[in-house]
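Enquirer: The numbering of the sequence shown is UniProt numbering, which starts it at 1 and goes up by one. Ideal placement from N, C-alpha and C gives every residue a C-beta, glycine not left out. Predicted model, so just to flag it, every value in this text is computed and none were measured. Have a look at this one before I ask anything.
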Amino acid sequence: MAASATPRMELLHRFESVGTSIFALDVSEDGNLIAAACNDGAVRVFHAATKKLQYTLGRASDDSMPIMGVRFRPPGMDSQGARHVLLAVGVDGSVRRWHVSTGRKLFDTHEKDNEVFCCDYSVDGQRFATAGLDKCVRVYDDERMDVVTTLKAGYGAGARGHTNRIFSVKFSDESPFTLLSGGWDRCVHVWDTRTGRSERDIFGPYICGDGIDVRSGVVVTAACRPNDPLELWDLGTASKIRSVPWRVSKVGGSLPCTLFGAAFSKDPAGRLLAAGGSMANETRLFDRTRRDAHVGTAAGFSGPVFALAWHSDRRLAVAGNDGIVRLMKVSGGDHATPESLSAAALIAEGDAEEASASAAAAATVRVGEAGSADADAHPGSPSRTPAGEAVADDAGDEWAADASGDEEADRMLREARARARALEEAAPAAAGAAGAAAAGAAAASGAGIIPGHALAGSGAQAARQLARARLSSPIGESESKDVE
């Protein structure tokens, strides 16, 4: 395929910092508004055209609990024709629906004894789902604004459900009754909301953020682990299609990337796939028409990337620990149809080789402040560049630590993987304040691999500290109370 067909990513705009971490993003259907779920308890909404902060929903303060999820309702679903209706959920158990342009709160409830970490709307906009600490997925009727189904583990044959906190819920793009959920129990459930049953499940992905998306029967999972973090699955059978190669790069400091989020582009085929996370603190772009070739990297973030959302099929909003929303532009690339990238087509294609090694040059975009230090010079590596300048990064020579012979890079990779394993292995052994302290230490060192929220019973202050770090482990987690 000609090099001109390779998509390219560049930094289009850097919005003004909100001064606190951003845990989730969503973009309105018309592409005008970008909503950010903020650590200080507010939802901030930017206007894509004016490039300004347009609205602030809720009270921002040091005492407020973080907002963890935001979703715009699909348009045309309100009998009164209301536009830009936004759902927001928080660590305090809040579930709120806002009319963005007026700042009016349309719906406000709290889920008892729960911390809500994620939400999503069905494709027809008639239902929305929430999930979090108490291991239950609640499906609400959007018009009546009440819970119509609670999806959870039970007793008896087939009564499967989650056994740990849930960080991602996602409705199918093809059915308003098919819902996926995933979290710390390494199990992604595929629910039928009409029966309330988990019809099948995907075992393995360690979901710690908005790390599930689905398009034309293909599910992508972004796992918060250093090895094999990005995978594609068949929605119909829950079988694995293949892994998307994620090779360690000097651009990412020779560290693996433990992922928080992944999303298909908004074109009907979902031809582009974006994912981002921590440790390497980067976002990567993959071209699904080129056997998941890695075609671009946004690097230079000062902290983890927690959130990403497609503004259109050619623009990508990215945010995270530094509180800055960045809008990336993707140009070039071939057309694709939904049929060509469906689960059946990918399975017929067979297991992909490491497409990164044979792709044309991938581009690295520096997103840090101008003058910030990039990776040290390396044979064939990009030189230090001003913020936002795209430089060539030969995808076939990404300085993979396992094969490059670079002893220092190899050492760093081994240490990073050892820290990640230590965090996971320590999980059952600690409790209470010791868990909070370990989580704080992990966040300070940059070695944590799991987004943090309140440890059950640890108090509001500890909850805020852990959620703001967003880099803890399930150390010290106690059982949550039964939901009434």
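Looking only at its chain, what residues have a beta carbon closer than 8 Å to the beta carbon of alanine 153, apart from the 5 residues adjacent to it on each side?
Expert: Lys135, Ala159, Arg160, Gly161, His162, Thr163
Enquirer: Please check the pair valine 169 and aspartate 120, which I expect to be a contact at CB under 8 Å, by giving their CB distance rounded to whole angstroms.
Expert: The C-beta distance from valine 169 to aspartate 120 rounds to 5 Å, short enough to fall under 8 Å.
Enquirer: Could you give the distance in angstroms between the alpha-carbon of glutamate 115 and the alpha-carbon of arginine 73?
Expert: Going from the Cα of glutamate 115 to the Cα of arginine 73 covers about 22 Å.
Enquirer: Which value, in whole angstroms, describes the spacing of the CA atoms of threonine 20 and asparagine 39?
Expert: 6 Å
Enquirer: Please list, in chain order, all residues of the same chain as arginine 96 whose beta carbon is under 7 Å from its beta carbon, the five residues on each side excluded.
Expert: Its chain contains Ala88, Lys105, Phe107, Asp108 as the residues whose beta carbon lies nearer than 7 Å to that of arginine 96, once the 5 sequence neighbours on both sides are disregarded; these appear in chain order.
Enquirer: Indicate the three-state DSSP secondary structure (helix, strand or coil) for arginine 144 in the structure shown.
Expert: coil
Enquirer: Is lysine 250 helix, strand or coil when you go by DSSP?
Expert: helix
Enquirer: Please report the residue range of the beta strand (DSSP E) in which alanine 317 lies.
Expert: 315-320
Enquirer: To the nearest angstrom, how far is it from the Cα of histidine 99 to the Cα of leucine 259?
Expert: 32 Å
Enquirer: Would you tell me roughly how many angstroms separate the C-alpha atoms of arginine 144 and glycine 93, rounded to the nearest one?
Expert: 19 Å
Enquirer: Just to check my reading of the structure: threonine 297 and threonine 364 have Cβ atoms closer than 8 Å, yes? What is that Cβ distance to the nearest angstrom?
Expert: 5 Å
Enquirer: Identify every run of the beta strand (DSSP E) within the segment 161-218, keeping only runs that are complete inside it and at least 3 residues long; order them along the chain.
Expert: 166-171, 178-183, 187-192, 197-203, 212-215
Enquirer: Who are the Cβ neighbours of lysine 240 in its own chain at under 7 Å, not counting the five residues just before and after it?
Expert: Glu231, Trp233
Enquirer: Please report the distance separating the alpha-carbon of leucine 133 from that of glycine 69.
Expert: 14 Å
Enquirer: Just to check my reading of the structure: serine 181 and alanine 238 have Cβ atoms closer than 8 Å, yes? What is that Cβ distance to the nearest angstrom?
Expert: That pair is no contact at about 13 Å.
Enquirer: Below 8 Å, how does it come out for the segment 14-32 and the segment 306-324: are there three or more Cβ pairs, yes or no?
Expert: yes
Enquirer: May I have a chain-ordered list of the beta strand (DSSP E) segments no shorter than 3 residues that lie completely inside the segment 10-94?
Expert: 22-27, 33-38, 43-47, 52-57, 67-72, 85-90
Enquirer: Which of the three DSSP states is assigned to threonine 102 in this structure?
Expert: Look at threonine 102 here: in three-state DSSP terms it is coil, with no helix or strand label.
Enquirer: Rounded to whole angstroms, what is the Cα-Cα separation between valine 85 and phenylalanine 167?
Expert: Approximately 22 Å between the Cα atoms of the pair.
Enquirer: Taking the Cβ atom as the reference point for each residue, do valine 18 and leucine 53 lie within a distance shorter than 9 Å?
Expert: yes
Enquirer: Which of helix, strand or coil does DSSP assign to arginine 290?
Expert: For arginine 290, the secondary structure class from DSSP, reduced to helix, strand or coil, is helix.
Enquirer: What do you reckon, are the CB atoms on threonine 193 and valine 139 nearer than 9 Å?
Expert: yes
Enquirer: Could you tell me the boundaries of the beta strand (DSSP E) in which residue 491 lies?
Expert: For residue 491 there is no data in the structure shown, the boundaries of the chain being 1 and 484.
Enquirer: Does the distance from the C-beta atom of isoleucine 67 to that of histidine 311 stay below 9 Å?
Expert: no
Enquirer: Helix or strand or just coil, what does DSSP make of alanine 280?
Expert: coil
Enquirer: Going by DSSP, what residues sit across from histidine 311 in a beta bridge?
Expert: Answer is none; histidine 311 lacks a bridge partner.
Enquirer: Could you say which of Pro75, Gly303, Lys250, Ser331 lies nearest to isoleucine 324 if we only look at CA atoms?
Expert: Gly303
Enquirer: Check whether the Cβ atoms of glycine 368 and phenylalanine 306 lie closer than 9 Å to each other.
Expert: No. Outside cutoff.
Enquirer: Verify whether the separation of the beta carbon atoms of methionine 279 and proline 245 is less than 9 Å.
Expert: no
Enquirer: Near aspartate 124, what residues of its chain come up, given a Cβ to Cβ distance below 6 Å and the 5 sequence neighbours on each side ignored?
Expert: Pro176
Enquirer: Below 9 Å between beta carbons: does that hold for valine 43 and glycine 31?
Expert: no
Enquirer: Classify cysteine 224 as helix, strand or coil using the three-state DSSP reduction.
Expert: It is coil, neither helix nor strand.
Enquirer: Excluding sequence positions up to five away, which residues of its chain have a Cβ less than 6 Å from the Cβ of alanine 460?
Expert: Because the pLDDT at alanine 460 is just 43, under 50, the model does not fix this residue reliably, and the value given afterwards should be weighed accordingly. Closer than 6 Å at Cβ, skipping near neighbours: no residue.
Enquirer: Would residue 505 pass as a contact of histidine 294 if the rule is Cβ separation under 9 Å?
Expert: In this structure the chain extends from 1 to 484, so residue 505 is not present and cannot be described.
Enquirer: May I have the straight-line CA-CA distance separating leucine 12 from arginine 314, to the nearest angstrom?
Expert: 11 Å
Enquirer: In whole angstroms, what is the alpha-carbon distance linking leucine 255 and arginine 14?
Expert: 25 Å
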